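To start, the structure under review is shown below, and the notes come after it.
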Amino acid sequence: MLSSLRIRNLALVEDLEWNLSPGFTAVTGETGSGKSIILGALKLLLGERAERTLIRAEAESCAVEGAFRLPDSAALDARLAELGIDPCADSELIVKRVFSHSGTNRQFINCCATTLAILKEVGDSLVDLHGPHEHQSLLSADNQLGLLDAFAGAGELRASYQTQFRALARLAAERENLSAGEAALEREVDLLKHQVNEIEAADFQPGEGETLLKRYTLAANGRRLAEVSSGILQRLAEADDAVLNRLGELRRFFRDLEKLDPASSELAAAEARAASELEGIAGRLREYGEQLDIDPAELARLEERVTLAETLKRKYGGSIEEVIAFGQNAATRLRRIESRGEELLRLEKEIEAARSRLLETGANLTRRREKAAPVLAADVAGQLRDLGFRKSGFDIAVSPLGKPSALGLESVEFLFTPNPGEPPMPLKAIASSGEISRVMLAVKSSLAKQDSVPLLVFDEIDANVGGEIARSVGEKMLSLGAAHQVLCITHLPQVAGMADAQFVVTKEFENNRTVSRLSAAEGEARVEELARMLGGRTDSALAHARTLLSSRPGPGEGAKKRLLKRGTGA
């Protein structure tokens, strides 16, 4: 659910923080009071283009921030990780949008900067906005197919089909790669042979790169290393005044000291240990110097080897290991091309078997869809009759495709006939926003349990309806509120009276500025707001408002009543 919405300096809103509850929430207010700003803020969070004209006069920037509380954020967190975005903290997703007059336009998800495309991807999974043809997921043929599959309980079958489709596509790509033009293959064979021969001739072993570089560095600096180590050895042990020779003189003094004072024996022992350690260092220096005797021919060989390694790394990878891996892959590719006749035969057999499995799974999926489509269509048609389309029609066309697609062997289209005698039309072809909103409400009511989008926003749902139809609209939204969070901007008291919560947008004039404010309508304030919507705060309107609130059914009761009516033939 959307738990909070913060708006700063957007049109007439200076600073608004709105805390929302689950269920069905209605937003009401006079025409022009600023209700559309709420909708505009949600659109910005969904990745809609930001116009600088929306920034409140005299303000430098505008910001919109929404907090979404998720029952389980594991799937979303996995996708956010793929996008390099921090996961949700305590299953709460924070989305923020900031733009300014200077042209700076920034968007954030969980405090991580992101792009508009990613913001839209995440937003579309959270909010379904039913306004004038914006963010309406049901207009997408793929989404319609997904909803039908969910209604049919075909999720696992669909997933199995898609896995098999991807496997078949990989095999087909392999075959296409092997079946490329003969001239192109010959050129590739020549290149692969050169690459394989060059890498194999070098005969590098894993880990050799680092060892080779150390040996070359040692060899290249051998003369200077020999000079330095020899100088140290001379001063330590070999010169007449070397350190070890002078230590012999010191040893005699320590012996005299020890004779005069036996307590100083520890000092003499320490001197002996130091002398022994220095003698050991001198021995190791002699061994080190002997190892530095590098043959010039060996140095040339190492230099040539290092140059070859650097050349191969520039051509085939950043390390010796990557060069070796490149050569192995090239050799595999070369063998497959040279034996492509056998490979093609193997691939053909595998493709045929994979296609057979795919078609079998696709046929099972088709049967499941064809069985569920009329059931879902009949339920939606019943919902539409409750919403004022007494003689309308609703159908789900399941049309076979010429070849398998990633989603199955057929396409699905939701079709609507608003008036008798008119041809069925795809939902995306419906021009009236009032009609499309009510159709969406009917479909959402039928698919409430299967639809995974948590927040449903309805705007202009009350166009050209009233009376009992308006009450049915409200009941359906209340019923939807049991499975989703529902937000409705409405002018109908019958709809607003059904809501779990109601908020009122007012426009006020303060300090020579016009400001839109949002406040909760509770208790007597809600009665007065419903009375205003009924025509004025008269005694009769106030009484009618109280009647609307007292007759509000519990969640789901409106849907139960419709099913009872249908069962008795009413």
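Per our numbering, residue 30 is the first one in the sequence shown, and the count goes up by one each step. Quick reminder that beta carbons are idealized off the backbone N, C-alpha and C, glycines included. Given the structure is predicted, the values throughout are model-derived calculations rather than measurements.
Write down the C-beta distance between residue i and residue j rounded to the nearest angstrom, noting that I regard them as a contact closer than 8 angstroms.
i    : j    : result
V124 : L148 : 7 angstroms
V352 : Y345 : 5 angstroms
V225 : L363 : 6 angstroms
I84  : N38  : 6 angstroms
Y245 : E332 : 6 angstroms
L186 : N393 : 6 angstroms
V441 : L174 : 4 angstroms
A181 : R414 : Not really, about 23 angstroms apart at Cβ, beyond 8 angstroms.
L435 : Q191 : A small correction: the amino acid at residue 435 is Ala; Leu does not occupy that position in the sequence shown. Indeed they touch by this definition, with Cβ atoms about 6 angstroms apart.
Please report how far the alpha carbon of residue i lies from the alpha carbon of residue j, in whole angstroms.
i    : j    : result
E94  : P100 : 20 angstroms
L563 : L176 : 38 angstroms
L438 : R561 : 54 angstroms
L49  : N541 : 30 angstroms
I366 : L220 : 12 angstroms
L578 : L416 : 20 angstroms
G356 : E203 : 20 angstroms
P522 : S65  : 18 angstroms
L509 : F443 : 20 angstroms
G585 : L122 : A caution first: G585 carries a pLDDT of 44, below 50, which makes its placement in the model unreliable, though a value can still be read off. C-alpha separation (whole angstroms): 29 angstroms.
K222 : L200 : 25 angstroms
V257 : T240 : 23 angstroms
R315 : F282 : 29 angstroms
Q479 : R369 : 48 angstroms
A170 : A572 : 47 angstroms
A588 : A188 : At A588 the pLDDT is 42, less than 50, meaning the model places this residue with poor confidence; the figure from the coordinates comes in the next sentence. If you take the alpha carbons of A588 and A188, they lie about 32 angstroms apart.
V409 : G552 : 35 angstroms
E227 : E237 : 17 angstroms
L168 : F137 : 28 angstroms
A79  : A471 : 32 angstroms
E43  : C141 : 25 angstroms
S580 : A107 : 45 angstroms
G184 : L112 : 25 angstroms
E77  : A103 : 26 angstroms
L32  : E150 : Per the sequence shown, residue 32 should be read as Ser rather than Leu. The alpha-carbon atoms of S32 and E150 are separated by roughly 20 angstroms.
A292 : A301 : 16 angstroms
L45  : S569 : 34 angstroms
Q263 : D269 : 9 angstroms
Quick check: residue i and residue j, are their CB atoms within less than 8 angstroms of each other?
i    : j    : result
A231 : L109 : no
Q531 : P51  : no
R546 : E557 : no
M30  : P429 : no
I518 : L68  : yes
G391 : P449 : no
N97  : L507 : It is worth fixing the name first, because residue 97 is Phe in this sequence and not Asn. In this structure, L507 does not lie closer than 8 angstroms to F97 by Cβ.
V272 : L265 : yes
L158 : L73  : no
F445 : V468 : yes
L486 : L516 : Checking the displayed sequence, the identity of residue 486 turns out to be Val instead of Leu. Taking 8 angstroms as the Cβ cut-off, V486 and L516 qualify as a contacting pair.
L5   : A311 : One cannot answer for residue 5 here, as it falls past the ends of the chain, which runs 30 to 599.
I425 : A406 : yes
L373 : L207 : yes
G503 : V524 : yes
E87  : H130 : no
N139 : D119 : no
R41  : T567 : First, the residue type needs correcting, since residue 41 is Leu and not Arg in the sequence shown. Result no, Cβ atoms of L41 and T567 do not sit closer than 8 angstroms.
Q196 : A382 : For the record, residue 196 in the displayed sequence is Ala; it is not Gln. Contact: no.
L387 : F194 : yes
P447 : S481 : no
A477 : A512 : yes
E287 : A297 : yes
Thinking C-alpha only, which one of the options is nearest residue i?
i    : options                : result
E658 : I349, E377, L41, R315  : The structure shown does not extend to residue 658, since the chain spans only 30 to 599, so no value can be given for it.
A299 : L470, A435, R284, D269 : R284
G411 : A574, S501, L174, V42  : S501
T535 : G58, G238, G526        : G58
R419 : L41, S385, E379, E464  : E464
L548 : V56, E43, A40, L41     : It should be pointed out that residue 548 corresponds to Ser in this sequence rather than to Leu. Selected option, being the one with the closest Cα: V56.
H520 : D44, S32, L45, G61     : G61
A179 : A458, E89, L388, K473  : K473
L242 : P453, I459, E339, E150 : E339
G152 : A70, A40, G347, E308   : A70
S475 : L41, M454, S421, V404  : V404
G260 : F233, V218, Y317       : Y317
Quick check for students: name the residue ranges of the beta strand (DSSP E) that lie wholly in the region 508–534, counting only runs of 3 or more.
514–518
Which full runs of the beta strand (DSSP E) of 3+ residues lie inside the region 90–133, going along the chain?
90–98, 121–129
In the region 266–314, which residue ranges form an unbroken alpha helix (DSSP H) of at least 4 residues, counting only runs that do not cross its ends?
272–289
Length at least 4, wholly inside the region 161–192: the alpha helix (DSSP H) runs in chain order:
170–181
In chain order, each beta strand (DSSP E) run of at least 3 residues that lies wholly inside the region 401–453:
422–434, 437–446
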